[in-house]
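Chains as they are written, first to last, in the working numbering: chain A, 146 to 404; chain B, 27 to 329.
Backbone N, C-alpha and C define an ideal beta-carbon position, used for all residues, glycine too.
Keep in mind it's a predicted model, so treat the numbers as computed, not measured.
Let me begin by presenting the structure, written as structure tokens, before commenting on it.
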Amino acid sequence: MGKDKIRIRKIESVKDETPTIKTFKVFDPPSAKSDPGQFLMVWVPGSGEIPLAVSAVHDDYIDLAVKRRGSTTKYFHELEENDKLGIRGPYGNGFKKPTEPSLLVGGGYGIAPLRFLHQKYAEQAQIHVVAGASTEQELLFLAELDPVAVSTEDGSRGIEGTVLAPMREVLSEVEVKTVYTSGPEKMVRGVYDICINKEVKLEASLERIMKCGVGLCGSCLIDGFRVCQDGPVVGLDQLKEFEEFGVWERSFSGRKERI
Amino acid sequence: MAEKKLLEVELAGLKMANPLILASGIMGTTPGGLNRVAREGAGGVTTKSLGPEPREGHPAPNVVKVTAGYLNAMGLPNPGVEEFASELKEVELEAAVFGSIFAHNDDEFRRVARVLEPTVDALELNLSCPHAESLGAAIGARPPLVEEIVSAVVREVNIPVFAKLTPNVSDITEIGRAAELAGADGVVAINTLPGMSIDVGTRRPILGNKSGGLSGPAIHPVAVKSVYDLYEALSIPIIGAGGIESGEDLVETLLAGANACQVGTAIADTGMSVFRELNSWLADYLDSHQMGLSELIGAAHDY
Ligand SMILES: Cc1cc2nc3c(=O)[nH]c(=O)nc-3n(C[C@H](O)[C@H](O)[C@H](O)COP(=O)(O)OP(=O)(O)OC[C@H]3O[C@@H](n4cnc5c(N)ncnc54)[C@H](O)[C@@H]3O)c2cc1C
Ligand SMILES: Cc1cc2nc3c(=O)[nH]c(=O)nc-3n(C[C@H](O)[C@H](O)[C@H](O)COP(=O)(O)O)c2cc1C
Ligand code: FES
């Protein structure tokens, strides 16, 4: 299919968001038409290829919010305007369109696909946001998302700790039918437990190592579920069936490791 | 229910509900992945090729879409045979399980085979790995090495052993004969063909490993010819593989002489439903032609 062929694109602009996260704006119409929560495989020529979410769309342009972590993302952060990227996708299933009062719960760079969801649907449904990060400087997209509560692990802003405490508070104060979440799996697991407890629906975006993105290699498996094709967004019923969710993940070799 | 009986096959003593087997390296990196494919209707499933040590595989990009197929250079990532076997032991699979193994010499092959044997129904030897002592030439391109390795494994284990052949040789039947002579219970043909993709925008090879293996519809005619030639040359069962996506592709490979067929890349384009779809297409074909599955196998050789 057409979307699987790599499209070489020039970086339009680069913006520092936090000390470790930069936004790269890129012209790519197929991605600009994607659903929030779908992802792209982005090739950084000279380095690797990694899965990334679209964090916002401006006409035919997309924003990619990239956190500096290991070798590929370090190299990515060195790129400048006019440097080239290869993009394929969009892949996977995105978030269900919010039609009822919703709460977005994002941790770290996980807020990226939620920002796109917010951008696309905030005028059509009531959407509240809770955002968390390691420290104040790492909180993303505050001006746009205007969160009702924030948390930081070091307490430099908002509630000290994870997003779970403010999430619980918001759920007890305002009407929420569906929670949308994306972030570290421990956090997503915590969000899941709260949703079960409070009987609200959940749409969660999961992360696994993705080497192919097209459902062949098996690197992204949770049990028999391919996060790249069958996910990355999953609902509560699916999450309930997983044995490995929140507990086990796979390394690059496929070795089972505790989260 | 009638479909069920119609599609049953026996392969080197292995009973399978149907002739479709998941190809090695697709979804088979975990027991959960294998189980999923079994539940989606495959009669057999093959594990990712397992080696003596854990391997992370090649740097990404690992997969590139090309015209009529994919190039992959995964680099045989696997958690090591001990780790995999200990996980597989815990899972009851609803299909015949083929344990694929790769190694650099007969001693290593033997060791990996021994560890895997208790958890699988048959072994598949991936002979496409470069031989450590022969400067990168694939083991599977050299009949004496194939004989050495196949006979070492056959003597080591008490389950059927299949030799998976690389098409990257001048005469695949020569390699097939070496495997048969060494006591292989069957052969699998074919593995991927070597290929490369260079991006014209950046002028770079795309794969992290620069080159990789071509699979999918592009290699299907190569698979058909390989199976056809092997059927003439051998008397042991043949498992066909290479670009099988449609019911026609499947029947074509059976007509060429395959007793069963592996499906890999089709999962990317068709999805997991491919096993059910191919099985029902095959059942309809047999029904409308009033034929049994065994009558189909090698039938093209009558002409
Ligand atoms: C669906 C999805 C959407 C994502 N969206 C974003 C996003 O919008 N912004 C962002 O900054 N990050 C995102 N990520 C995570 C991003 O892919 C990893 O941070 C990146 O791959 C790290 O690569 P590296 O070479 O810098 O790190 P490495 O040094 O290679 O690894 C560091 C860690 O990153 C993770 N990782 C490495 N390679 C991969 C891979 N191929 N697939 C998945 N995880 C990997 C592993 O947990 C690893 O331990 C997303 C991941 C997924 C699965
Ligand atoms: C992503 C990928 C990984 C593969 N890994 C292996 C492997 O580990 N061992 C092996 O013997 N063959 C491997 N193969 C080859 C397949 O098993 C099969 O022989 C080949 O792809 C042809 O079948 P297909 O066109 O139906 O995919 C791999 C193929 C692909 C696409
Ligand atoms: S990334 Fe390869 S199967 Fe999902």
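If I follow the unbroken beta strand (DSSP E) through residue i, where does it start and stop?
i, result
"H273/A", "272-278"
"G234/A", "229-236"
"H203/A", "201-203"
"N194/B", "It is not in any beta strand (DSSP E) - N194/B carries neither H nor E in the DSSP assignment."
"C287/B", "286-289"
"G239/B", "237-241"
"Y96/B", "95-98"
Following a CB-centred definition, is residue i positioned closer than 8 Å to any heavy atom of ligand 3?
i, result
"S364/A", "yes"
"K356/A", "yes"
"Q374/A", "yes"
"M298/B", "no"
"V359/A", "yes"
"R233/A", "no"
"R371/A", "yes"
"R230/B", "no"
Can you find a heavy atom of ligand 1 that lies under 8 Å from the Cβ of residue i?
i, result
"L209/A", "yes"
"K212/A", "yes"
"I404/A", "no"
"K421/A", "This structure leaves residue 421/A out entirely; chain A is present only between 146 and 404."
"A198/A", "yes"
"A254/A", "The displayed chain sequence assigns Tyr, not Ala, to residue 254/A. For ligand 1, at least one heavy atom lies less than 8 Å from the Cβ of Y254/A."
"L279/A", "Before going on, a small fix: residue 279/A reads as Ser here, not Leu. For ligand 1, not one heavy atom lies less than 8 Å from the Cβ of S279/A."
"P103/B", "no"
"P292/A", "no"
"I166/A", "yes"
"A99/B", "no"
Just to check, is the beta-carbon of residue i closer than 8 Å to a non-hydrogen atom of ligand 2?
i, result
"Y96/B", "yes"
"A249/B", "yes"
"T291/B", "yes"
"T93/B", "no"
"M317/B", "no"
"Q183/A", "no"
"G51/B", "yes"
"G106/B", "no"
"E318/A", "no"
"A267/B", "yes"
"H84/B", "no"
"F135/B", "no"
"E150/B", "yes"
"V89/B", "yes"
Going by DSSP, what residues sit across from residue i in a beta bridge?
i, result
"Y254/A", "Beta-bridge pairing links Y254/A to no other residue."
"S126/B", "E150/B"
"W188/A", "E194/A, G231/A"
"W307/B", "Its beta-bridge partners do not exist; DSSP assigns none."
"K155/A", "K229/A"
"R403/A", "W393/A"
"D208/A", "K170/A, A201/A"
"F370/A", "I367/A"
"I224/B", "P231/B"
Quick test of your reading: residue i and residue j, contact by CB under 8 Å. State the CB separation rounded to the nearest angstrom.
i, j, result
"A294/B", "L361/A", "5 Å"
"F188/B", "A210/B", "7 Å"
"S179/A", "K170/A", "15 Å between Cβ atoms; not a contact."
"L319/B", "L276/B", "The pair is not a contact, with the Cβ atoms about 11 Å apart (cut-off 8 Å)."
"F240/A", "L262/A", "5 Å"
Which first and last residues belong to the alpha helix (DSSP H) in which residue i is found?
i, result
"D295/B", "292-296"
"Q383/A", "381-386"
"D255/B", "246-259"
"R287/A", "One detail in the question is off: residue 287/A reads as Leu in this sequence, not Arg. Segment 287-290, the alpha helix (DSSP H) holding L287/A."
"F110/B", "107-114"
"L171/B", "169-182"
"K219/A", "216-223"
"K405/A", "This structure cannot settle anything about residue 405/A, because the visible part of chain A is limited to 146 through 404."
Is the shortest distance between the beta-carbon of residue i and the beta-carbons of chain E less than 9 Å?
i, result
"P103/B", "Annotation note: the requested chain E is absent from the structure, which comprises protein chains A and B."
May I ask you to list, following chain order, the residues of the region 284-310 of chain B that have a beta carbon less than 9 Å from some beta carbon of chain A? G290, T291, I293, A294, D295, G297, M298
Taking only beta carbons into account, state which residues of the region 353-387 of chain A come closer than 7 Å to chain B, listed in chain order. K356, C357, V359, G360, L361, C362, G363, S364, L366, D368, G369
Of the residues that make up the region 39-69 of chain B, which ones have a beta carbon closer than 7 Å to any beta carbon in chain A? Cβ contacts with chain A: I52, M53, G54, T55, T56, G58, G59, N61, R62.
Taking Cβ-Cβ distances below 8 Å as the criterion, which residues of the region 81-101 of chain B are in contact with chain A? R81, E82, G83, P85, A86, P87, N88, V89, V90, K91, Y96, N98, M100
What residues in the region 328-339 of chain A have a beta carbon less than 9 Å from any beta carbon of chain B? none
Residues of the region 190-216 of chain A with a CB closer than 8 Å to any CB of chain B: list them in chain order, please. P190, G191, G193, E194, I195
Taking only beta carbons into account, state which residues of the region 175-188 of chain A come closer than 9 Å to chain B, listed in chain order. M186, W188
Which residues, taken in chain order from the region 388-404 of chain A, show a beta carbon closer than 9 Å to some beta carbon of chain B? E388, E389, R395, S396, F397, S398, G399, R400, K401
According to a CB-to-CB cut-off of less than 9 Å, which residues of the region 222-245 of chain A neighbour chain B? K229, G231, R233
Selection of the region 149-174 of chain A by Cβ proximity to chain B, strictly under 7 Å: Listed by position, the residues of the region 149-174 of chain A near chain B (Cβ gap below 7 Å) are D149, K150, I151, I153.
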